[in-house]
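Put into structure tokens, the structure is as follows:
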């Protein structure tokens with residue numbers, strides 16, 4: 008059986024909220040190392056890869072590998088019943104029809120129990136190659152969100168160019184052009200505000216802003232976001248979670264002229 | 041004009 012207890016329901020609520028507009032039905036693959044999810048959006052442009060490591064739960068028990076096929080809209084309805092600070096426990100049998108969710112509020116001695124019906128989801132798993140990215144940029148997640156939202160007002164695409172001097176987001180639209188350049192910046196007192204750039208070669212790629220704005224729904228999960236780019240490969244947008252867990256988004260670049 | 045690539049053309053099926 009599976010039994011996984013999260014100190015705060017907040018984490019799962021935010022993860023599901025961040026991905027539910029991108030993917031609808033997906034398997035939560037549970038094994039002894041944790042709970043993983045990999046799913047493409049309907050148009051096969053973006054890929055979500057989530058890993059909640061066993062260490063992020065306390066306790067965590069998973070006797071047999073189990074795939075929990077979940078409709079995220081339905082899961083959202085159930086998670087709405089959990090307060091952010093509630094202790095959340097996920098439970099499932101070895102061949103489950105339902106996922107049992109328990110929310111506990113120790114202050115008010117309230118215990119809520121929900122059973123979510125599971126579905127059989129035949130999901131293709133993609134092999135994500137280990138990539139040595141040419142550019143890795145770490146920046147505040149709210150800054151990245153602001154840039155994407157601002158540029159989307161002008162255009163549907165953004166060009167991202169990185170050099171050792173900085174990272175430049177630029178777009179061209181019907182009403183005009185826009186560009187935001189961030190230079191490397193270290194703030195000892197506020198390390199969350201740092202912009203760090205590691206570069207082995209310059210990169211220039213174009214991406215759909217609609218997807219990037221969608222990824223930015225995860226900004227509440229982490230104060231910083233990491234962008235990993237190499238020419239002619241998908242962009243990796245990573246939100247690191249506590250206990251080496253993560254929420255990653257991959258986005259295929261726009262190609263051709 | 042650039043066209044949108046598919047994630048499947050970069051990451052093969054397992």
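Residue numbers (the working numbering), protein chains in the order written: chain G, 8 to 264; chain F, 41 to 54. Heads up, the beta-carbon is just placed ideally off N, CA and C, and yes, glycines get one too. Because the structure is a prediction, the values reported are computed rather than measured.
Contact with chain F by residue i, beta-carbon distance below 8 angstroms
{"i": "residue 134/G", "result": "yes"}
{"i": "residue 262/G", "result": "yes"}
{"i": "residue 215/G", "result": "yes"}
{"i": "residue 257/G", "result": "yes"}
{"i": "residue 220/G", "result": "no"}
{"i": "residue 52/G", "result": "yes"}
{"i": "residue 241/G", "result": "yes"}
{"i": "residue 47/G", "result": "yes"}
{"i": "residue 131/G", "result": "yes"}
Nearest-angstrom Cβ-Cβ length linking residue i and residue j, presumed shorter than 8 angstroms
{"i": "residue 182/G", "j": "residue 142/G", "result": "Rounded, the Cβ-Cβ distance is 30 angstroms, inconsistent with contact."}
{"i": "residue 75/G", "j": "residue 99/G", "result": "6 angstroms"}
{"i": "residue 258/G", "j": "residue 22/G", "result": "At roughly 18 angstroms, the Cβ-Cβ gap does not stay under 8 angstroms, so residue 258/G and residue 22/G are not in contact."}
Beta-carbon spacing of residue i, residue j below 8 angstroms
{"i": "residue 235/G", "j": "residue 155/G", "result": "no"}
{"i": "residue 88/G", "j": "residue 225/G", "result": "no"}
{"i": "residue 40/G", "j": "residue 60/G", "result": "yes"}
{"i": "residue 73/G", "j": "residue 37/G", "result": "yes"}
{"i": "residue 58/G", "j": "residue 253/G", "result": "yes"}
{"i": "residue 268/G", "j": "residue 148/G", "result": "Residue 268/G lies beyond the stretch modelled for chain G, which goes from 8 to 264, so this question has no answer here."}
{"i": "residue 161/G", "j": "residue 185/G", "result": "yes"}
{"i": "residue 189/G", "j": "residue 146/G", "result": "yes"}
{"i": "residue 244/G", "j": "residue 256/G", "result": "yes"}
{"i": "residue 35/G", "j": "residue 77/G", "result": "yes"}
Candidates the options: closest to residue i by CA position
{"i": "residue 164/G", "options": "262/G, 41/G and 40/G", "result": "262/G"}
{"i": "residue 16/G", "options": "67/G, 86/G and 43/G", "result": "86/G"}
{"i": "residue 215/G", "options": "260/G, 102/G and 51/G", "result": "260/G"}
{"i": "residue 53/F", "options": "159/G, 12/G and 51/G", "result": "51/G"}
{"i": "residue 79/G", "options": "239/G, 29/G and 62/G", "result": "29/G"}
{"i": "residue 94/G", "options": "104/G, 83/G, 108/G and 81/G", "result": "108/G"}
{"i": "residue 81/G", "options": "102/G, 112/G and 123/G", "result": "123/G"}
{"i": "residue 199/G", "options": "66/G, 233/G and 178/G", "result": "233/G"}
Spatial distance of residue i from residue j (CA atoms)
{"i": "residue 64/G", "j": "residue 42/F", "result": "44 angstroms"}
{"i": "residue 49/F", "j": "residue 242/G", "result": "14 angstroms"}
{"i": "residue 70/G", "j": "residue 170/G", "result": "48 angstroms"}
{"i": "residue 213/G", "j": "residue 120/G", "result": "46 angstroms"}
{"i": "residue 96/G", "j": "residue 9/G", "result": "10 angstroms"}
{"i": "residue 196/G", "j": "residue 153/G", "result": "22 angstroms"}
{"i": "residue 151/G", "j": "residue 136/G", "result": "25 angstroms"}
{"i": "residue 54/G", "j": "residue 116/G", "result": "40 angstroms"}
{"i": "residue 106/G", "j": "residue 48/G", "result": "23 angstroms"}
{"i": "residue 132/G", "j": "residue 44/G", "result": "10 angstroms"}
beta-carbon residue i near the ligand FMN non-hydrogen atom, thresh 7 angstroms
{"i": "residue 101/G", "result": "You won't find the ligand FMN in this model; it holds no ligand whatsoever."}
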